[in-house]
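Participant: Residue numbers (full-length UniProt numbering): 1 to 214.
1) Report back the beta-carbon spacing between residue 3 and residue 21 to the nearest angstrom; my notes put them in contact at under 8 Å.
2) Quick check on this structure: which residue in 198, 186 and 122 has the alpha carbon closest to the alpha carbon of residue 71?
3) Within the continuous alpha helix (DSSP H) that includes residue 84, where are the two ends?
4) Please go through the same chain and pick out, in chain order, the residues whose beta-carbon is closer than 8 Å to the beta-carbon of residue 101, but skip the five residues on each side of it.
5) So what's residue 230 in DSSP terms, helix, strand or just coil?
6) Are the beta-carbon atoms belonging to residue 77 and residue 138 less than 9 Å from one another?
7) How would you write the range of the alpha helix (DSSP H) that residue 143 sits in, first residue to last?
8) Quick check: is the beta carbon of residue 98 nearer than 9 Å to any beta carbon in chain D?
9) Mapping DSSP to helix, strand and coil, what is residue 174?
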């Protein structure tokens, strides 16, 4: 396979995802290509971000954030408070208690399953591209509906992805024609980067790839 990261202008809430794909990706597309759109820039285009200074951590957030892995966006009081504001303190507390019980049974990741998808998608203050280095970015909304519409309009498979430098690739949503195995293999090295590269789009070209679908 081949990967082609695409640089864009600094995306904001006035940008339309379809117009962004048409402007930056369409000129490079070939039949069979998959367009991968990073979930954080998509959320930014949907206006789903908050200034860190507007988040007031509760006692629950300040205490509970200490139990998360340091690399997690929920390991800070502000990041966890953003989740609490989304799903409510009762659900977060119950998810934590349920996660502890599941871990005793050898089942990891229970908190994220119980707290909902947004728990995995929130991005804490990143210190990367201004002005979003001072914001907490929530996960995008209606991702599945959006990728279906984007794929129909572009005539190419589209996926919304969450990728980091640790080799973790999560497909948040994907249209028909997207091979998960191809996406994971192509994006494992995080070709778009997580710093100030400014490449929220990646074209995946499956030349020579033996897919996981029959």
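Where a beta carbon is used, it is the ideal one built from N, C-alpha and C, also for glycine.
Facilitator: The structure says:
1) Here residue 3 refers to the residue found at position 3 of the chain shown. Here residue 21 refers to the residue found at position 21 of the chain shown. Wrong, their Cβ atoms sit about 16 Å apart, outside the cutoff.
2) Here residue 71 is taken as the residue at index 71 of the chain shown, counted from 1. The option with the nearest alpha carbon to residue 71 is 122.
3) The residue given as residue 84 occupies position 84 in the chain shown. That run of the alpha helix (DSSP H) goes 77-87.
4) In the chain shown, residue 101 corresponds to position 101, counting from 1. 110.
5) Missing from the structure shown is residue 230; the chain here goes from 1 to 214 and no further.
6) Here residue 77 corresponds to residue number 77 of the chain shown, with the count starting at 1. Here residue 138 corresponds to residue number 138 of the chain shown, with the count starting at 1. No, Cβ-Cβ distance for residue 77 and residue 138 is not below 9 Å.
7) Working through the chain shown from its first residue, we reach residue 143 at position 143. Segment 143-154, the alpha helix (DSSP H) holding residue 143.
8) Looking for chain D here will not work: only one protein chain is present.
9) On the chain shown, residue 174 is found 174 positions in, with the first residue counted as 1. Residue 174: strand per DSSP, three-state reduction.
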